[in-house]
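Have a look at the structure below before the remarks.
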Amino acid sequence: MDRDNAKVTRHYNSLNPAFLRALDYAVQAVHRQGKWIGLCGELGAKGSVLPLLVGLGLDELSMSAPSIPAAKARMAQLDSRECRKLLNQAMACRTSLEVEHLLAQFRMTQQDARWSPPSASRWKVTGAAKKKCSKA
Numbered sequence: 019m020d021r022d023n024a025k026v027t028r029h030y031n032s033l034n035p036a037f038l039r040a041l042d043y044a045v046q047a048v049h050r051q052g053k054w055i056g057l058c059g060e061l062g063a064k065g066s067v068l069p070l071l072v073g074l075g076l077d078e079l080s081m082s083a084p085s086i087p088a089a090k091a092r093m094a095q096l097d098s099r100e101c102r103k104l105l106n107q108a109m110a111c112r113t114s115l116e117v118e119h120l121l122a123q124f125r126m127t128q129q130d131a132r133w134s135p136p137s138a139s140r141w142k143v144t145g146a147a148k149k150k151c152s153k154a
């Protein structure tokens, strides 16, 4: 998609349940083949969307270097199993707006939660030139 083309960007929504289902299908298909899959772009830097990306089980997130510390800090607060449950709920939604409400509810429940997430230790920053967050 040409993200700089104003004629099409208004039709694109990364929270569209169909888009989330397509991403999930791709991740699972790639993993069945024993390959890794990553996501490149600033979607991974959006703290509100990050739980869905963790739920997808992506092997790598690539984003601009200034976004990495906040993304890593947010990932350290997430439980991958809870994120997968959230993703399943989001994929069952009918609209992007429903997904936004679901994410808002998830954020509210996460604000009070304190735990040692099993997934936090799987992520690290790799490649000084590439500036990526990826699973350890």
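The sequence shown maps to residues 19 to 154 in our numbering.
Even glycine gets a Cβ: it sits at the ideal position worked out from N, Cα and C.
As the structure is a prediction and not an experimental result, all values here were calculated from the model.
{"query": "What's the C-alpha gap between Ala108 and Leu74?", "result": "11 Å"}
{"query": "Can you tell me which of Phe37, Lys53 and Leu68 puts its alpha carbon nearest to the alpha carbon of Glu100?", "result": "Leu68"}
{"query": "In the DSSP assignment, find the alpha helix (DSSP H) that holds Ser85 and state where it starts and stops.", "result": "Segment: none, Ser85 is in no alpha helix (DSSP H) and carries neither H nor E."}
{"query": "So, do the segment 40–58 and the segment 111–125 have three or more beta carbon pairs nearer to each other than 8 Å?", "result": "no"}
{"query": "Kindly provide the ranges of any alpha helix (DSSP H) runs that are 4 or more residues long and lie completely inside the segment 22–47, ordered along the chain.", "result": "24–27"}
{"query": "Alpha carbon to alpha carbon, how far is Ala36 from Glu118?", "result": "14 Å"}
{"query": "Alpha carbon to alpha carbon, how far is Leu121 from Ala63?", "result": "15 Å"}
{"query": "Is it buried or exposed for Ala89, if we count other Cβ within 10 angstroms and need 16 for buried?", "result": "buried"}
{"query": "Taking the continuous beta strand (DSSP E) assigned at Gly56, which residues delimit it?", "result": "Gly56 to Cys58"}
{"query": "Assuming Leu61 and Ser32 are in contact, meaning their beta carbons sit under 8 Å apart, how far apart are those beta carbons, in whole angstroms?", "result": "5 Å"}
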